[in-house]
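The structure appears right after this line, and notes come after that.
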Amino acid sequence: MFDANSPWSSLEKSRVSLAFATLNGPKDHDGSALVNVHKVDAWAAVLVGLQHREGSDSLGEYSCVFNNIWLNSAYSGYGAKFYWKVARHEMMHALSADHAGRADSRASAENPTTMSTCVAVSDFKNENFLDRDGEIQLQWIFNSLNTNHALNANIGFENGTSEWGGSNGSLSSVASGGVGGTKYLSFDATGTSSSSYVRQTLRLWTGDDTSQFRAVLAARAPSSAVNTNARASLYRKRMSEGSTSLGCGYARALTNPNSVTIHDAEYVLVSQSSLTNVGTSWTTVASPWTSLPKRDGWEFQTRAYGNAAGSYSIRFDNVRAEEK
Ligand SMILES: [Zn+2]
1059 MFDANSPWSS
1069 LEKSRVSLAF
1079 ATLNGPKDHD
1089 GSALVNVHKV
1099 DAWAAVLVGL
1109 QHREGSDSLG
1119 EYSCVFNNIW
1129 LNSAYSGYGA
1139 KFYWKVARHE
1149 MMHALSADHA
1159 GRADSRASAE
1169 NPTTMSTCVA
1179 VSDFKNENFL
1189 DRDGEIQLQW
1199 IFNSLNTNHA
1209 LNANIGFENG
1219 TSEWGGSNGS
1229 LSSVASGGVG
1239 GTKYLSFDAT
1249 GTSSSSYVRQ
1259 TLRLWTGDDT
1269 SQFRAVLAAR
1279 APSSAVNTNA
1289 RASLYRKRMS
1299 EGSTSLGCGY
1309 ARALTNPNSV
1319 TIHDAEYVLV
1329 SQSSLTNVGT
1339 SWTTVASPWT
1349 SLPKRDGWEF
1359 QTRAYGNAAG
1369 SYSIRFDNVR
1379 AEEK
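Residues 1059 to 1382 in this note's numbering are what the sequence shown lists, from first letter to last.
Okay, here's the thing in structure tokens:
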């Protein structure tokens, strides 16, 4: 709810509400919303207020002690994008998301994310959306597949083929019959089980974190007449922080990078399952948990291999890398 004594205009309140609504877009593997952020007209949940704090450079703040959010009205001159970005960022904190560095997790470009810090207001995008990294953080925290953390966006293909690509094959989304939820992925392989795969690539800056990783998927055959095999694999490249500095010591959310200046050109296999024969019922296929040494970061590629080649398509659902 908004502070009853709020000096906000209805326009400002509506901008904040629209920003919060974008958090309800990402779907759990079963098609349900990962979070349900909505306005209540009673003392509950998070109170949202607007203040101008003398001497404060903060754009806004979420307090877990008082369970409230305030936005700094000194920045209101930046208009809608200030309210969208900062309100969404603070509500993500309320949903227990931590800060990210300035760089996003895409291998192709580096843009500020919802949870980036050390970002100037002038860098905010002039559109109201939750970026892929914001979705991945919600998946990591809330996905209900199991007790491990899931690392990918659009895990159940409930938002179609978004964020997924294929090598030696084409992707299409099927509307009903998935595992738990409605949708799943049909992958028409043009190669073999060792060359045709569905993939999603992301960069994970880990610093001194030590975790274990694996790849998991659900697969089934297009029909009982087609011999179908599936394999879950996780590949990686090593990443180094390099010399990039934005002057705030938080370029990539690393406070203690490892001074290993290696950046692989090619992917190296981390972990893969055996090639598993699947019938017309959904079958879970997982690679073994594997530890990785401390590095500044990893570029991961989650791969779902399948061999139902030709006019037949292997079915995939709930494809993800997991961390524990
Ligand atoms: Zn923050």
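Glycine included, C-beta positions come from ideal geometry on N, C-alpha and C.
Note that the coordinates shown come from a computational prediction; the quantities given were computed from them, not determined experimentally.
field: Counted within 10 angstroms of its Cβ, other Cβ atoms place A1276 as buried (16 or more) or exposed
entry: buried
task: Report the rounded CA-to-CA distance for N1125 versus E1357, giving the unit in angstroms.
output: 35 Å
message: Could you compute how far the alpha carbon of Y1325 sits from the alpha carbon of W1128?
response: 44 Å
query: Mapping DSSP to helix, strand and coil, what is A1311?
result: Only weak support is given to the placement of A1311: the predicted model assigns it a pLDDT of 47, under 50, and the question is left unresolved by the model.
- prompt: How about L1081 and L1209: do their beta carbons lie closer than 8 Å?
  reply: no
message: Just checking H1151 against ligand 1 - is the residue's beta carbon closer than 7 Å to any of the ligand's heavy atoms?
response: yes
- prompt: Hey, V1336 and R1278: beta-carbon distance below 8 Å or not?
  reply: yes
message: Just verifying my parser: in three-state terms, what is the DSSP assignment at Y1136?
response: helix
message: What does the Cβ neighbour count give for R1085, buried or exposed, with the cut at 16 atoms within 10 Å?
response: Sequence inspection shows Lys at residue 1085; the Arg mentioned does not correspond to that position. Answer is buried; the Cβ neighbour count reaches 16.
message: Which residue marks the beginning of the beta strand (DSSP E) containing V1343, and which one marks its end?
response: 1341-1344
query: Short check: CB of F1215 to CB of Y1242, under 8 Å?
result: yes
- request: For the alpha helix (DSSP H) holding A1077, just list the boundary residues, first then last.
  value: 1068-1079
message: Please return the same chain residues whose Cβ sits closer than 7 Å to the Cβ of A1311, not counting the five positions on each side in sequence.
response: Note that A1311 scores 47 on pLDDT, short of 50, meaning its location in the model is unreliable; the coordinates nonetheless yield the value given after this. So the list reads H1157, A1158, G1159, W1263, once near-sequence residues are dropped.
message: Suppose you measure from the CA of V1123 to the CA of N1226; what does that come to, to the nearest Å?
response: 52 Å
query: So S1349 packs on S1331, CB below 8 Å; how close in whole Å?
result: So it is not a contact: roughly 17 Å between Cβ atoms.
field: Nearest-angstrom beta carbon gap, L1153 and V1093 [assumed within contact, 8 Å]
entry: 6 Å
query: Where does A1145 sit, in a helix, a strand or coil, going by DSSP?
result: helix
C-alpha gap between E1119 and W1066, whole angstroms: 17 Å
message: Quick check: is any heavy atom of ligand 1 less than 7 Å from the C-beta of T1171?
response: no
- prompt: Could you give the distance in angstroms between the alpha-carbon of P1315 and the alpha-carbon of V1177?
  reply: In this prediction, P1315 scores a pLDDT of 49, lower than 50, which makes its location untrustworthy; the coordinate-derived value is nonetheless stated afterwards. If I take the Cα positions, the gap works out to 20 Å.
query: How would you label T1248, buried or exposed, when you count the other beta carbons within 10 angstroms and need 16 or more for buried?
result: exposed
- request: State yes or no: is the C-beta of T1175 nearer than 7 Å to some heavy atom of ligand 1?
  value: yes
query: For Q1258, which residues does DSSP report across the bridge?
result: T1360
query: P1170: buried (16+ other C-beta within 10 angstroms of its C-beta) or exposed?
result: buried
task: Classify D1115 as buried or exposed, calling it buried when 16 or more other Cβ atoms lie within 10 Å of its own Cβ.
output: exposed
query: In three-state terms, what does DSSP make of G1223?
result: strand
query: Quick one: what's Y1293 bridged to in DSSP?
result: L1327, Q1359
query: What distance in whole Å lies between the Cβ atoms of S1220 and N1212, which are believed to be in contact at a cut-off of 8 Å?
result: 5 Å
- prompt: Alpha carbon to alpha carbon, what distance is there between R1296 and F1182?
  reply: 29 Å
query: Leaving out the 5 sequence neighbours to the left and right, which residues in its chain are closer than 6 Å to T1313 when beta-carbon positions are compared?
result: Only weak support is given to the placement of T1313: the predicted model assigns it a pLDDT of 44, under 50, and the value that follows is read from those uncertain coordinates. Hits under 6 Å: none found.
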